[in-house]
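Right, one structure below, let's go through it.
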Amino acid sequence: MSVEQQTTPVRVRSIGTHLDRVDGVAKVTGRAPYAVEHGEADGVVDPLHLWLVQSTVAKGVVVDVDTESARDHPGVIAVLDHASAPRLAESDDGELAILQEPTVHFRGQIVALVLAETSEAAREGAALVNVSYDVEPHEAELREDNASYRPDSVNPDMETDTEEGDVDAAIAAADIVVEQTYRTAYEHNNPLEPHATVAWWDEEDGREILSMFDSSQGVHGVAQTLAPMLGLEVDQVRVRAPYVGGGFGSKGEAHAHVMATALAARTVRGRPVKLAVTRQQMFALTGYRTATISHVRLGAGADGRLAAIEHRVQEQSSALKEYAEQTASPTRMMYAAPHRRTSHRLALLDVAVPSWMRAPGEMPGMFAHEVAMDELAVECGLDPIELRIRNEPELDPETKKPFNNRRLLDCFRRGAERFGWSSRPAHARATQDGDWWVGTGVASATYPAMRMPGNAARVRSLGAGRYAVAIGSVDIGTGARTVLTQIAADALGVEPGAIDLAIADTRLPPASVAGGSSGTSSWGSAVVAAAQRFRADHGEHPDPGVETTASAADDPQADELAFHSFGSVFAEARVHRWTGEIRVPRLLGVYSVGRVINPTTARSQFIGGLVMGLSAGLFEESYRDARFGHMVTQDLASYHVASHADVLDIDAEWLEESDEVFTPMGSRGIGEIGIVGTAAAVANATYHATGMRVRSIPITPDRFLES
Amino acid sequence: MDETIRLTVDGAERTVEVDTRTTLLDALRERLEVTAPKKGCDHGQCGSCTVLLNGRRHLTCLALAVAHDGAEITTADGLAGGGPSADRLHPVQQAFLDHDGYQCGYCTPGQVCSAVGVLDEVKNGHPSHVTADLEGDPDLTDDEIRERMSGNLCRCGAYPGILAAVRQAAGA
Ligand code: FES
Ligand code: FES
Numbered sequence: 001m002s003v004e005q006q007t008t009p010v011r012v013r014s015i016g017t018h019l020d021r022v023d024g025v026a027k028v029t030g031r032a033p034y035a036v037e038h039g040e041a042d043g044v045v046d047p048l049h050l051w052l053v054q055s056t057v058a059k060g061v062v063v064d065v066d067t068e069s070a071r072d073h074p075g076v077i078a079v080l081d082h083a084s085a086p087r088l089a090e091s092d093d094g095e096l097a098i099l100q101e102p103t104v105h106f107r108g109q110i111v112a113l114v115l116a117e118t119s120e121a122a123r124e125g126a127a128l129v130n131v132s133y134d135v136e137p138h139e140a141e142l143r144e145d146n147a148s149y150r151p152d153s154v155n156p157d158m159e160t161d162t163e164e165g166d167v168d169a170a171i172a173a174a175d176i177v178v179e180q181t182y183r184t185a186y187e188h189n190n191p192l193e194p195h196a197t198v199a200w201w202d203e204e205d206g207r208e209i210l211s212m213f214d215s216s217q218g219v220h221g222v223a224q225t226l227a228p229m230l231g232l233e234v235d236q237v238r239v240r241a242p243y244v245g246g247g248f249g250s251k252g253e254a255h256a257h258v259m260a261t262a263l264a265a266r267t268v269r270g271r272p273v274k275l276a277v278t279r280q281q282m283f284a285l286t287g288y289r290t291a292t293i294s295h296v297r298l299g300a301g302a303d304g305r306l307a308a309i310e311h312r313v314q315e316q317s318s319a320l321k322e323y324a325e326q327t328a329s330p331t332r333m334m335y336a337a338p339h340r341r342t343s344h345r346l347a348l349l350d351v352a353v354p355s356w357m358r359a360p361g362e363m364p365g366m367f368a369h370e371v372a373m374d375e376l377a378v379e380c381g382l383d384p385i386e387l388r389i390r391n392e393p394e395l396d397p398e399t400k401k402p403f404n405n406r407r408l409l410d411c412f413r414r415g416a417e418r419f420g421w422s423s424r425p426a427h428a429r430a431t432q433d434g435d436w437w438v439g440t441g442v443a444s445a446t447y448p449a450m451r452m453p454g455n456a457a458r459v460r461s462l463g464a465g466r467y468a469v470a471i472g473s474v475d476i477g478t479g480a481r482t483v484l485t486q487i488a489a490d491a492l493g494v495e496p497g498a499i500d501l502a503i504a505d506t507r508l509p510p511a512s513v514a515g516g517s518s519g520t521s522s523w524g525s526a527v528v529a530a531a532q533r534f535r536a537d538h539g540e541h542p543d544p545g546v547e548t549t550a551s552a553a554d555d556p557q558a559d560e561l562a563f564h565s566f567g568s569v570f571a572e573a574r575v576h577r578w579t580g581e582i583r584v585p586r587l588l589g590v591y592s593v594g595r596v597i598n599p600t601t602a603r604s605q606f607i608g609g610l611v612m613g614l615s616a617g618l619f620e621e622s623y624r625d626a627r628f629g630h631m632v633t634q635d636l637a638s639y640h641v642a643s644h645a646d647v648l649d650i651d652a653e654w655l656e657e658s659d660e661v662f663t664p665m666g667s668r669g670i671g672e673i674g675i676v677g678t679a680a681a682v683a684n685a686t687y688h689a690t691g692m693r694v695r696s697i698p699i700t701p702d703r704f705l706e707s
Numbered sequence: 001m002d003e004t005i006r007l008t009v010d011g012a013e014r015t016v017e018v019d020t021r022t023t024l025l026d027a028l029r030e031r032l033e034v035t036a037p038k039k040g041c042d043h044g045q046c047g048s049c050t051v052l053l054n055g056r057r058h059l060t061c062l063a064l065a066v067a068h069d070g071a072e073i074t075t076a077d078g079l080a081g082g083g084p085s086a087d088r089l090h091p092v093q094q095a096f097l098d099h100d101g102y103q104c105g106y107c108t109p110g111q112v113c114s115a116v117g118v119l120d121e122v123k124n125g126h127p128s129h130v131t132a133d134l135e136g137d138p139d140l141t142d143d144e145i146r147e148r149m150s151g152n153l154c155r156c157g158a159y160p161g162i163l164a165a166v167r168q169a170a171g172a
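If you're matching them up, the sequences are chains A and B in order. Be aware that the first sequence starts at 1, since it is given in the UniProt record's numbering, and climbs by one per residue. Be aware that the second sequence starts at 1, since it is given in the UniProt record's numbering, and climbs by one per residue.
Structure (structure tokens):
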């Protein structure tokens, strides 16, 4: 039984200090088991291997699946297709309802499964399955003039459009207008551990049980999604994810391969089935960030004060399943302006299903908005930081609520001091060092603070001052295992070493997804609630075995305030005058995020976000060949992510503060803000270096060779 | 077609039956349950499968197992002494802990093996793409470390920590 507990701020002792990652030794020795690495000790005995067969056309109908030569291949056990795969109880979710019908919705869709004794046989078997199609014409290109529609809401459940005042009149009356189109590329999350699942079906007390190890950002979410589709109660699906090799949003929800593994395992009851999705398959099956086209208009007085902000977004989703990236959402709250308008329009294409990628909405949206702000600063002859000072809102422009602790300008002041901003030449193309143009740029960062419902934690006394603390949350590399240990220790008033923490199992109290920078806030608050309730019920000297499960009530003040984190990003760029090569020797982020729980893991999170932002700014682009409907960049040789040699002096710091209205720990969440604004800061720095404005990412060398 | 090969893995003699199509990485991971080497791409593009093969760093996803009968393999697990109870970390591993040179940990065993290989290559005077003087002994500057470690991608972006870790281990 779980009770709801009103929490009080935690007295911090371990929180705010360094603690080595509690799973560090397991990781540096390679002993930490990731999804398909579980063996006999964890119940994975004599597994079969699964391989996916994917459609080679973008739209049409499967007319025949010739499985004969595949089945003849030594080691192959079975081939499943839309006619032979187990039926699902529910099939509303088109992405997950695989092999229920012969229709092909996108190139790369799962059209058959091969089960074999070894991975080599499964892979060969998959190559031998011969699928024929009735091909239909498809549309796979995002253009400014696609047929598009207005979705009912944008991710996760925001207004599609917003409007205030009279934007057109304000723009017409403005002294200075910036009107430009900004583009961001298709991007794939590409966590280093490819998505992977092992699943087996057996019985427990006369009920069917589906057990899985899944590389997932939220085990409870996977069980809740799969159970009704498989005709099961949620507690008949057990999902564990003790170690996850990154996710960045792509493991936030179950994708089709998880269902594929569950279905295949159902046909070989009792025997585990392993599926390791290949890097190439990830480009069709495990989500991606849509490309975006942002039309931005800013109208300002000669002093740079904004009268109007307009951000209209054109983007795409899959005709199979709608996902609407909330690209204009940060534009709604970032700067003051009496007249404002945002909108999102979607083209539904015959393509793979897009999904969350680190800071969905904020990342592409702030690229557009923050490059536009840089252009406005240039037009007004203002320093870009001064421009932001002049447009600082008093209340949240979107909700008209006071911000809880908006310290954007403090982030700029601190960053400017550390980066040496005051010596920056006012004009672009002012500094040359040998064959390199050199410049600097800034951008703002922001991310909403979110606490998810549906979390509970359990505290149990183990005697001798030790406590078992349990919550089903997942550590995808964020350091959750470590910071939850610290939070539990402080909430109980004991040393971190006295805490035995259990996570990442649906048999533990429920936890929301490791996403939206909400994990530590949501789970940590539940841990504090359980600890405080435990102390209230059982005192300081509890008998061994007594336990309490509780969830955290929201702070009643929380409704009155707008909670966002803020940051400033400073970049130096060097652009080679003959080759256009771009190097970023310095990148600095300064953040206001509430209290930082563990400075070591937090720094790694911020830096990881900055690196991914740099990578988006300079390298990352999934290139879709619209003629065939698939991504032609589908491995790590053609889809470039930042490598070690690309990353020079990158650092992050944060302001000392605490947000105890938001969480009893005083923290607000840090996972995504590092990627927000970073590509814009780099773009603005390349403008300052060269005087050439690039309005789309990735910023490739050829952009500087055009004129 | 199956073949039986012998490998020494982290000091232990192992005999394993492999398909002639089996990579060294799959022989380790799927047939011997040696999962310290990770599979990030299976195409030689990420470095997560790096081990020390006969003393040198090597991508096991690009090696066919049958071609390595008799090979001696050290994984990140073996660098720490091997076996579940061993906790004597290699100085490179300790340095990764000290500088938080990882987040999710999936690239980490490969990074660790690669770093051990790099330190050895530098000691033996091997130049890299950024070494100015191909005749002299290379200095392990930050640029040298970045260049030499660039075969190991870290999507978590832990490069600054990895750099600091390799620097520390080089001085150790
Ligand atoms: S798995 Fe071998 S290099 Fe990526
Ligand atoms: S630690 Fe996650 S990929 Fe390097």
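Glycine included, every Cβ here is placed at the ideal spot set by N, Cα and C.
Nearest candidate by alpha-carbon position, reference residue i, set the options
i	options	result
Arg340 of chain A	A:Tyr182, A:Asn404, A:Glu164	A:Glu164
Ala27 of chain B	B:Gly11, B:Ala12, B:His68	B:His68
Leu113 of chain A	A:Ala70, A:Leu142, A:Asp651	A:Ala70
Val66 of chain B	B:Glu13, B:Leu7, B:Val166	B:Leu7
His195 of chain A	A:Gln280, A:Ala637, A:Asp205	A:Gln280
Ala121 of chain A	A:Glu159, A:Phe403, A:Val79, A:Thr162	A:Val79
Ala172 of chain A	A:Leu298, A:Pro151, A:Phe283, A:Ala127	A:Leu298
Arg143 of chain A	A:Ala89, A:Ala347, A:Leu88	A:Ala347
Thr160 of chain A	A:Pro47, A:Gly361, A:Ala337	A:Gly361
His188 of chain A	A:Gln217, A:Asp659, A:Ala291, A:Asp157	A:Ala291
Pro698 of chain A	A:Met631, A:Glu656, A:Phe619, A:Asp635	A:Phe619
Ala536 of chain A	A:Val459, A:Ala679, A:Ala337	A:Val459
Met452 of chain A	A:Ser355, A:Val296, A:Thr663	A:Thr663
Helix, strand or coil at residue i [DSSP, three-state]
i	result
Arg595 of chain A	coil
Gln45 of chain B	coil
Arg312 of chain A	strand
Ile162 of chain B	helix
Ala85 of chain A	coil
Gln54 of chain A	strand
Glu672 of chain A	coil
Tyr687 of chain A	helix
Val22 of chain A	coil
Ile607 of chain A	helix
Thr67 of chain A	coil
Gln432 of chain A	strand
Arg388 of chain A	helix
His427 of chain A	coil
Lys27 of chain A	helix
Phe704 of chain A	helix
Supposed close pair residue i, residue j - CB separation, criterion 8 angstroms
i	j	result
Gly108 of chain A	Leu275 of chain A	Contact doesn't hold; Cβ gap of about 16 angstroms is too wide.
Ala531 of chain A	Ala491 of chain A	3 angstroms
Tyr133 of chain A	Val62 of chain A	6 angstroms
Ser318 of chain A	Phe106 of chain A	6 angstroms
Ser114 of chain B	Thr50 of chain B	5 angstroms
Asp214 of chain A	Val258 of chain A	6 angstroms
Gly441 of chain A	Asn684 of chain A	3 angstroms
Ser473 of chain A	Gly515 of chain A	Contact flag wrong, Cβ pair sits at about 11 angstroms.
Cβ of residue i within 8 angstroms of any chain D Cβ
i	result
Ala36 of chain B	The structure shown has no chain D; the protein chains it does contain are A and B.
Exercise. Of all residues in the structure, which have a C-beta closer than 6 angstroms to any heavy atom of ligand 1, taken in chain order?
Worked result: Residues flagged by the Cβ proximity filter: B:Lys39, B:Gly40, B:Cys41, B:Asp42, B:Gly44, B:Gln45, B:Cys46, B:Gly47, B:Ser48, B:Cys49, B:Leu59, B:Cys61.
Any chance you could list the alpha helix (DSSP H) runs of at least 4 consecutive residues sitting entirely within the stretch 123-153 of chain B, in chain order? You should have 142-148.
Could you give the uninterrupted runs of the alpha helix (DSSP H) lying entirely in the stretch 205-238 of chain A, keeping only those of 4 residues or more?
-> For the stretch 205-238 of chain A, whole alpha helix (DSSP H) runs of length 4 or above, ordered along the chain, are 219-229.
Q.
My parser needs the alpha helix (DSSP H) runs of 4 or more residues fully inside the stretch 124-194 of chain A; what are they?
A. Taking only runs of at least 4 residues, the alpha helix (DSSP H) segments lying wholly in the stretch 124-194 of chain A are 167-173.
Runs of beta strand (DSSP E) lying entirely within the stretch 463-512 of chain A, each at least 3 residues, in chain order: Entirely contained in the stretch 463-512 of chain A, the beta strand (DSSP E) runs reaching 3 residues are, in chain order, 466-470, 499-502.
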